[in-house]
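> One structure, as structure tokens, below. Some questions next.
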Amino acid sequence: MDNLPIGPLLGVLTLLILWASLLTAVEAAHHQLKTMRAASRPENAAALPDLAFNLNSLILVNTLIRVLITVITTLSAASYWFYNGPTVAWLGTVSVMLVFAEYVPRRLASRHPVSTLMLGNGVLRIPMKIVWPLAYIFNLIAKTLLRPFLSRHVPQQDQDFEDDTQKPARN
Numbered sequence: 001m002d003n004l005p006i007g008p009l010l011g012v013l014t015l016l017i018l019w020a021s022l023l024t025a026v027e028a029a030h031h032q033l034k035t036m037r038a039a040s041r042p043e044n045a046a047a048l049p050d051l052a053f054n055l056n057s058l059i060l061v062n063t064l065i066r067v068l069i070t071v072i073t074t075l076s077a078a079s080y081w082f083y084n085g086p087t088v089a090w091l092g093t094v095s096v097m098l099v100f101a102e103y104v105p106r107r108l109a110s111r112h113p114v115s116t117l118m119l120g121n122g123v124l125r126i127p128m129k130i131v132w133p134l135a136y137i138f139n140l141i142a143k144t145l146l147r148p149f150l151s152r153h154v155p156q157q158d159q160d161f162e163d164d165t166q167k168p169a170r171n
């Protein structure tokens with residue numbers, strides 16, 4: 001980190017923040033359309049688009065990108081401001097990511113959910129399908145860890161979430 005210039009590092013951080021904002025917007029648009037689909041008539045609900053990939057892949061990639069943003073920011077700030085670097089990195093990362101990777105994308109997705117989801121389906125389909133096996137493994141680990149906490153008095157139902165499996169394409 002001592003020999004890297006700050007310009008390309010800021011460029012990489014900007015690109016990662018843009019990716020995180022796109023992933024957040026697509027997730028918010030998915031939830032918005034899911035709510036609209038449940039509240040509308042069946043013939044109107046068929047016109048709304050579906051997410052073309054697994055939601056768990058989207059959540060995994062968004063989390064990994066946010067961790068990478070935090071690590072790069074902390075290491076670069078620690079090299080410039082030594083002892084105050086982690087504090088400066090925390091303040092900067094929190095403020096920038098809250099505004100540009102949380103509030104703005106969610107607002108945009110709530111205003112234009114169909115357009116946002118269609119953009120995400122076009123841009124993110126292949127990367128999310130590549131990451132899907134890793135997301136599936138983490139999902140399996142999470143389900144296994146949560147199994148002891150399931151209620152034994154409730155009749156056994158299908159424990160899969162509706163976003164765990166790929167839905168068949170509608171005609």
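Sequential numbering of the sequence shown, starting at 1, is according to UniProt numbering. The beta carbon of each residue, even a glycine, is placed where N, CA and C say it ideally should be.
With a CB to CB cut of under 6 Å and the five nearest residues on each side skipped, what residues in its chain are close to Leu18?
In the sequence shown, the residue the question calls residue 18 occupies position 18. Hits under 6 Å: none found.
> How would you call Ser21, buried or exposed, if buried means at least 16 neighbouring beta carbons within 10 angstroms?
Within the sequence shown, residue 21 is the residue found at index 21, counting from 1. Burial call: buried.
> Suppose you measure from the CA of Asp164 to the CA of Asn3; what does that come to, to the nearest Å?
Taking the sequence shown and counting its residues from 1, one reaches residue 164 at position 164. Taking the sequence shown and counting its residues from 1, one reaches residue 3 at position 3. In this predicted model, Asp164 has a pLDDT of only 48, less than 50, meaning its place in the structure is not dependable; the value taken from the coordinates is given anyway. Cα to Cα, the separation comes out at about 44 Å.
> In chain order, what residues of the same chain have a beta carbon less than 8 Å from the beta carbon of Leu9, not counting five sequence neighbours either side?
Stepping through the sequence shown from its first residue, residue 9 is reached at position 9. So the qualifying residues of the chain are Ile72, Ser76.
> Considering Arg66, what are the terminal residues of the alpha helix (DSSP H) in which it resides?
The residue labelled residue 66 in the question sits at position 66 within the sequence shown. Note, Arg66: alpha helix (DSSP H), 55 to 81.
> DSSP three-state call for Leu117: helix, strand or coil?
Here residue 117 refers to the residue found at position 117 when the sequence shown is read from its first residue. Correct three-state label for Leu117: helix.
> Answer yes or no: do Ser57 and Ala135 have a C-beta to C-beta separation smaller than 7 Å?
Sequence index remark: in the sequence shown, residue 57 carries index 57 (1-based). Sequence index remark: in the sequence shown, residue 135 carries index 135 (1-based). Taking 7 Å as the Cβ cut-off, Ser57 and Ala135 qualify as a contacting pair.
> What does the alpha-carbon distance come out to for the pair Phe149 and Ala39?
The sequence position of residue 149 within the sequence shown is 149, counting from 1. The sequence position of residue 39 within the sequence shown is 39, counting from 1. Each residue's Cα considered, the two are about 32 Å apart.
> My output table needs one value for Arg41: the three-state DSSP class, helix, strand or coil.
As a first step, residue 41 must be located in the sequence shown, where it is residue number 41. Here Arg41 sits in coil by DSSP.
> Check each candidate in Arg152, Val131, Leu68 and name the one with the smallest Cα separation from Phe53.
For this step, residue 53 is matched to residue 53 along the sequence shown. Comparing Cα-Cα distances from Phe53 to each of Arg152, Val131, Leu68, the minimum goes to Val131.
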